[in-house]
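First residue of the sequence shown: 1, per full-length UniProt numbering; consecutive thereafter.
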Amino acid sequence: MLRNYLIIALRSLRRHLGYTAINVVGLAVGIAACLLIGLYVQHQWSHDRFHEAADRIHRVVGDYGETTMPATQWPVIEALQHQNPSLTIAPFFTASAVVGPEERRFNEDQVFIARPSFFDVFTFPVRRGTARAAFDRPYTAVLTPTVAEKYFGETDPVGKTLEMTGLRGDETVSVTVTGLLEPIPDASHFHPGILVSWATLDAAMNFTEEMRENWSGGAFRAYLKVPEGTDHSRLADQFTRQAQERAAGRWDRDARLRLQPLTDIHLYSDLDFEIEANGSAETVYLFFGIALFILLLAGVNFVNLALARSVERTQEVGVRKAIGAGQGHIAWQFLVEALVLTGCAAVLALVLAATALPLFHTVTEATFEPSVFVEPRLLALLAGIALVTALGSASYPAFVLSRFDPATVLGSRSRGAGRTGRWSSPLRRGLVVFQFAVAVTLGTATVVAYWQLDYLQTADLGFETEQVVTVPMPPDAQGEGRTPFQQEVVRRPHVLAATQASPALPARLLRSTGFAFAGQGVPDDEYKNVQFVTVGPTFFEALGVEPVTGRSFDPGRPADSSGVVLNRAALDQLATDLPSGRRTAAAAVGRSLTSSSAWLVDRAPVVGVVDDLRLRTLHDAVAPTVFVRTSLLRDTYYLRVDATQADQALSEARAVWEEVHDAPFDYTFADQAFASAYRSEQRAGTLFGAFAGLALVLAGLGLFGLAAFTARQRQKEVAVRKAVGASMGQIVRLFSTDVARLVGVAIVIAAPVAYVGLQRWLNTFADHVDLGPLPFVLAGGSVLLVAVLSTGTQALQAARIDPATVLRNE
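Okay, here's the thing in structure tokens:
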């Protein structure tokens, strides 16, 4: 019997190849898109779950009021270790260094300095050599395969030596590679490439003892593995009490420590001083919703076309019942036909998804193996989707048409068709409205995302980003004043200025301290906390920034060697302490500024005020910033080059660098650095555009098929209208008006939903485009155009038929 059902189903589908192709391709494309998005969502959710007992691993987070970061001071971590000996705590920190054998050296931004307990908390398997045991000894290191290949090529790195300059000051230490780790999974919130034993710094520079009472450096991280059933809140409170006792007044009274689960970090953490940029749970939820809607769109197409075709199959059902077929046989026939269609679509979806995997990797930067598509869970999910879709599309003809009285159906074709039409037409219209509402929503989101990304990349940051180049200073130059490199490079014709500053771009500006105008009687505990940047004397010349009041630093004025420049936001914040009539930029210039950090600023004259420079990304509002001229904390060269001769300028700078520095020359243009900071938004925009286009194609494809059936059903109506004088334009308008109304309803439904969601997304940026009506008009107009074209082509085809051919048998 099943064989008979299959043969009849294949014959029926072959007779209607257009219907079969539209259904199979539409459903396959929707399922393939859903599979790819599902892989991305699963990848995001799986971060850090590869560690053993990942649900028991937490990290210590310091909440210091205005700043919250996953790090704290070393005396705090040491106190936690001593007072909680039963807990496995893994402290580590990262440092930048010049690394390599003499013939192959690179700047490494993150060299991990860790204790042996690092390998007790984290599961990083060793491919070759030893890791944990070796970290009890000084001058040892382990590498990942990618880093090992960078330094040693195909040679076995175990036993080889690396020299590292800059782990602490400008000292150089030699370490032996004792182990090679397995590649760190993509789904990790940090990817250590080089790990050096903590004992190395203890042996080379007595590091732990030096840090024991150091409360100025808060760059130490601590992860721990807690026993099952631990009350995390209570343990965090205990840690806070122990830290406050150890700080003995050197901590703010409101400062707290808390514990963050390892598996929550990637999607639920965007703190200052993260090791790497994390993802966003909201983005994952959004794409999960898009996957469901894409799948629903494809399913709606499938069901809608099945409902439309069922109107034509009433006579077939009547004939089958007249010759003895039972209701169950007819129901099974429709179900088998639907299962054949969905089965073909599922197989095609796997092929499409596997083919698109390399492109999907390029967009998402997530790595997937093609073998993922044959995993049992995914195949079971695919089978479930096919079965549910088949049941949804076959339910009406199987359980409604099969109940019709054959005498009624065969006695009046028009009456049978009209009856089925009355049952199915409202449902079909509702499904079409749903399709276009989704398409309008995604289309609007794509337009707004594109405009916002364009704004991010073209917004005026207050300085000329295409002319500014940053270069990390080598360890032997940090802390110096005007270095030989600066003195020589500005003599080159295409290098217009050179200076030093504390942050690379875009900066997070994590350093802050209390400031107040001197002589205003401001108590120490009422100083306003303001971020600061340490800069060289020609910092503003290198950025191409002119002061709005006063002047920038003058290297020829000795008094400027301890001066400061304020941005407008800092002036507005600090000027509240001045007399009401003296709170202007002009009145502030020449006054002295005092600081709660005497090592940074004692009584520094304000030499000028500049506009609010965008040193941070546009996610953040402009921070009140004090630019302090000092050689302290500066670790980045800023060069201003001739933009029309950038390559020549970089060649000149490299030549000077190689003469005076024994370190690699790495540079980044400011505009490229800011563009890289918006990479996640660019990925989201690309995916939005792709899926919005896909939704529009699916909706148009479904409507095209539906219009074809509608035109066939209304052939006699069209013939009668033509016979009484209707023009081709009137007939096209007749078809298009109905679908235009449906698109209008879809726009009314989609617009408020899209507005709320997009406004919420735009509010994650301090500066963003205005959400006016134009995106909705563009998206709605595009959807309307696709709808009218889909129905119009079918209407034109129906209007070309000779009325005599249609009406000759009436």
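Heads up, the beta-carbon is just placed ideally off N, CA and C, and yes, glycines get one too.
Measuring C-alpha to C-alpha distances from residue 462 to each of 98, 173, 613 identifies 613 as the nearest. Between residue 126 and residue 57, the C-beta gap is not smaller than 8 Å, which leaves the two residues out of contact. Between the beta-carbon of residue 389 and that of residue 776 there is about 31 Å, and that puts the pair past the 8 Å contact cut. Taking C-beta atoms as the reference points, residue 553 and residue 629 count as a pair closer than 8 Å. Cβ contact annotation for residue 764 (same chain, cutoff 6 Å, sequence separation greater than five): none. In the structure shown, the three-state DSSP call for residue 444 is helix.
DSSP places residue 500 in the strand class (E or B) of the three-state scheme. Bridge partners of residue 58 according to DSSP: 224, 261. Inter-residue distance for residue 586 and residue 569 is about 15 Å (C-alpha atoms, whole angstroms). Here the stretch 712 to 724 makes no contact with the stretch 736 to 755; the two share fewer than three CB pairs at distances below 8 Å. Going by C-alpha positions, residue 220 is about 11 Å away from residue 112. Under a 10 Å Cβ-count criterion, residue 737 is classified as exposed, with fewer than 16 other Cβ atoms of the shown protein chains found around its own Cβ. Using a Cβ distance threshold of 8 Å, residue 99 and residue 205 do not count as a contacting pair. Secondary structure of residue 182 (DSSP, three-state): coil. The Cβ atoms of residue 442 and residue 93 do not sit closer than 8 Å to each other.
Per DSSP, reduced to three states, the secondary structure at residue 528 is strand. A Cβ-Cβ separation of about 5 Å places residue 515 in contact with residue 530 under the 8 Å criterion. For residue 175, the secondary structure class from DSSP, reduced to helix, strand or coil, is strand. In this model, residue 608 and residue 683 are separated by some 41 Å (Cα to Cα). Put simply, the stretch 189 to 201 touches the stretch 137 to 150. At least three CB pairs are less than 8 Å apart. Look at residue 454 here: in three-state DSSP terms it is helix. Of the residues 36, 228, 154, 109, the one whose Cα lies closest to the Cα of residue 295 is 36.
The C-beta distance from residue 305 to residue 789 rounds to 18 Å, too long to meet the 8 Å contact threshold. If the five residues before and after residue 559 are omitted, its C-beta is found closer than 8 Å to the C-beta atoms of 605, all from its own chain and listed in chain order. Taking 8 Å as the cut-off, the beta carbon of residue 26 is found closer than this to the beta carbon of residue 702. For residue 784 and residue 610, the gap between their C-alpha atoms comes out near 50 Å. For the 8 Å CB-CB criterion, residue 495 and residue 649 form a contact. The continuous alpha helix (DSSP H) containing residue 28 extends over residues 17 to 45. Around the beta carbon of residue 716, a 10 Å sphere encloses fewer than 16 other beta carbons of the protein chains shown; the residue is thus reported as exposed. Under the rule that a run must span 4 or more residues, the alpha helix (DSSP H) segments found entirely inside the stretch 632 to 683 read 646 to 660, 670 to 677.
Listed in chain order, the non-local C-beta contacts of residue 288 below 7 Å within the same chain comprise 41, local neighbours out to five positions each way being set aside. The shortest C-alpha to C-alpha distance from residue 32 to any of 356, 600, 799 is the one to 356.
Closest in C-alpha terms to residue 303, from the list 284, 428, 282, 656, comes 428.
The DSSP assignment places complete alpha helix (DSSP H) segments of no fewer than 4 residues inside the stretch 113 to 200 at 118 to 121, 145 to 152, in order along the chain. Cα atoms of residue 293 and residue 377: separation of roughly 21 Å, rounded to the nearest angstrom.
For residue 668, same chain residues with a beta-carbon under 6 Å away, outside a window of 5 residues either side, are 470 in chain order.
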